[in-house]
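Data first, discussion second: the structure below is written as structure tokens.
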Amino acid sequence: AQSVTQPDIHITVSEGASLELRCNYSYGATPYLFWYVQSPGQGLQLLLKYFSGDTLVQGIKGFEAEFKRSQSSFNLRKPSVHWSDAAEYFCAACSGNTPLVFGKGTRLSVIA
Amino acid sequence: EAQVTQNPRYLITVTGKKLTVTCSQNMNHEYMSWYRQDPGLGLRQIYYSMNVEVTDKGDVPEGYKVSRKEKRNFPLILESPSPNQTSLYFCASSQTSVNTGELFFGEGSRLTVL
Numbered sequence: 629a630q631s632v633t634q635p636d637i638h639i640t641v642s643e644g645a646s647l648e649l650r651c652n653y654s655y656g657a658t659p660y661l662f663w664y665v666q667s668p669g670q671g672l673q674l675l676l677k678y679f680s681g682d683t684l685v686q687g688i689k690g691f692e693a694e695f696k697r698s699q700s701s702f703n704l705r706k707p708s709v710h711w712s713d714a715a716e717y718f719c720a721a722c723s724g725n726t727p728l729v730f731g732k733g734t735r736l737s738v739i740a
Numbered sequence: 205e206a207q208v209t210q211n212p213r214y215l216i217t218v219t220g221k222k223l224t225v226t227c228s229q230n231m232n233h234e235y236m237s238w239y240r241q242d243p244g245l246g247l248r249q250i251y252y253s254m255n256v257e258v259t260d261k262g263d264v265p266e267g268y269k270v271s272r273k274e275k276r277n278f279p280l281i282l283e284s285p286s287p288n289q290t291s292l293y294f295c296a297s298s299q300t301s302v303n304t305g306e307l308f309f310g311e312g313s314r315l316t317v318l
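Those protein sequence lines, which keep their order, are chains S and W. For the first sequence, the numbering used here assigns the number 629 to the initial residue and increments by one for each residue that follows. For the second sequence, the numbering used here assigns the number 205 to the initial residue and increments by one for each residue that follows.
Here it is as structure tokens:
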């Protein structure tokens with residue numbers, strides 16, 4: 629079955645430190661891949677997406693993600709985290725005409 | 205402003221009392237969907253619609269109904285709510301009927317069923 633796994637339920641980082649959130653997918657072929665962010669009390673907002681081509685994709689708010697076919701991964705990164713980045717992050721995937729499948733999310737806390 | 209609007213944002217109701225959560229988008233999107241979000245379970249799709257008068261079940265459709273009579277509206281109906289439907293609900297839309305995953309989300313409707 630198609631699935632998206634986010635191994636980390638909760639991550640805490642210091643403000644200014646780098647961040648990497650992990651995402652692995654299980655699909656027959658390379659799916660379309662996405663990262664969404666959910667700030668407290670808000671809906672989800674698309675951060676970035678990967679369809680094909682360059683495996684390093686840039687998104688909004690200074691985030692980037694790297695697609696690695698060999699590892700079935702699509703990890704999200706940010707060089708320097710700001711307190712306003714505290715939120716829940718969801719990795720998602722879909723293939724062709726199939727509905728979007730979300731991971732269970734990683735909650736990011738930022739400490740001073 | 206492009207947006208997906210859900211109402212109500214918060215609702216407390218009792219078991220068995222029918223309720224409807226409305227969803228409206230102003231982007232002329234073809235695709236609309238409902239999700240529920242529960243702690244530890246992430247987002248799970250309830251129903252989706254590829255276009256007007258076309259709806260399909262998602263992963264957790266039991267206890268819910270939807271309709272898509274107009275392109276902009278996609279209401280979620282709970283005919284006889286039960287406590288296990290207490291959840292945070294999100295409506296989302298996408299420009300094309302082929303689900304490319306670029307969804308625009310509403311701000312959510314928190315439902316409590318007593």
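Using N, Cα and C, we set each Cβ at its ideal position, and we do this for glycine too. Model, not experiment: these values are computed from the prediction.
Secondary structure at D191/W, three-state DSSP: helix, strand or coil?
This structure cannot settle anything about residue 191/W, because the visible part of chain W is limited to 205 through 318.
Where the beta strand (DSSP E) through Y678/S begins and ends:
Within the first sequence, numbered from 1, the residue matching residue 678/S stands at position 50. Here the beta strand (DSSP E) through Y678/S covers L672 to Y678.
Helix, strand or coil at K706/S [DSSP, three-state]:
Along the first sequence, one-based indexing puts residue 706/S at 78. Strand at K706/S.
Quick one: complete alpha helix (DSSP H) runs, 4+ long, within the region 206-236 of chain W?
Taking only runs of at least 4 residues, no alpha helix (DSSP H) segment lies wholly in the region 206-236 of chain W.
With Y252/W and G262/W assumed to form a contact (beta carbons below 8 Å), what rounded beta-carbon distance in angstroms separates them?
To locate residue 252/W, count along the second sequence from 1; it is residue 48. To locate residue 262/W, count along the second sequence from 1; it is residue 58. So it is a contact: roughly 6 Å between Cβ atoms.
Residues bridged to S246/W (per DSSP):
The residue given as residue 246/W occupies position 42 in the second sequence. The sequence as given places Gly at residue 246/W; Ser does not occur at that position. Assignment of beta-bridge partners to G246/W by DSSP yields D242/W.
Check the Cβ-Cβ distances between V208/W and every residue of chain S, and say whether any is below 9 Å.
Taking the second sequence and counting its residues from 1, the one referred to as residue 208/W is at position 4. Yes, because at least one Cβ of chain S sits closer than 9 Å to the Cβ of V208/W.
Cβ-Cβ separation, E716/S to G731/S (assumed contact under 8 Å), whole Å
Taking the first sequence and counting its residues from 1, one reaches residue 731/S at position 103. Taking the first sequence and counting its residues from 1, one reaches residue 716/S at position 88. Going by Cβ atoms, the distance from G731/S to E716/S rounds to 11 Å, so no, they are not a contact pair.
Which residues of the region 700-725 of chain S have a Cβ closer than 9 Å to any Cβ of chain W? Give them in chain order.
Contact annotation: in the region 700-725 of chain S, residues whose CB is within less than 9 Å of a CB in chain W are F718, A720, A721, C722, G724 and N725.
Comparing C-alpha positions only, which one of I216/W, S237/W, N232/W and G244/W sits nearest to F309/W?
For the purposes of this step, residue 309/W is taken as the residue at position 105 of the second sequence. Distance from the Cα of F309/W is smallest, within the candidate group I216/W, S237/W, N232/W and G244/W, for S237/W.
Counting only the same chain and skipping the five closest in sequence on each side, list residues whose C-beta sits under 8 Å from that of A720/S.
Taking the first sequence and counting its residues from 1, the one referred to as residue 720/S is at position 92. A distance below 8 Å between beta-carbons, with the five flanking residues on each side excluded, links A720/S to the following residues of its chain, in chain order: V632, L661, F662, W663, Y664, L728, V729, F730 and G731.
By how many angstroms is the C-alpha of L684/S removed from the C-alpha of P212/W?
Within the second sequence, the letter at position 8 stands for residue 212/W. Within the first sequence, the letter at position 56 stands for residue 684/S. Cα to Cα, the separation comes out at about 40 Å.
Could you list which residues in chain W have their beta carbon closer than 7 Å to that of Q686/S, in chain order?
Indexing the first sequence from 1 puts residue 686/S at position 58. Going along chain W, no residue has its Cβ under 7 Å from Q686/S, so there is no contact; the nearest lies around 16 Å.
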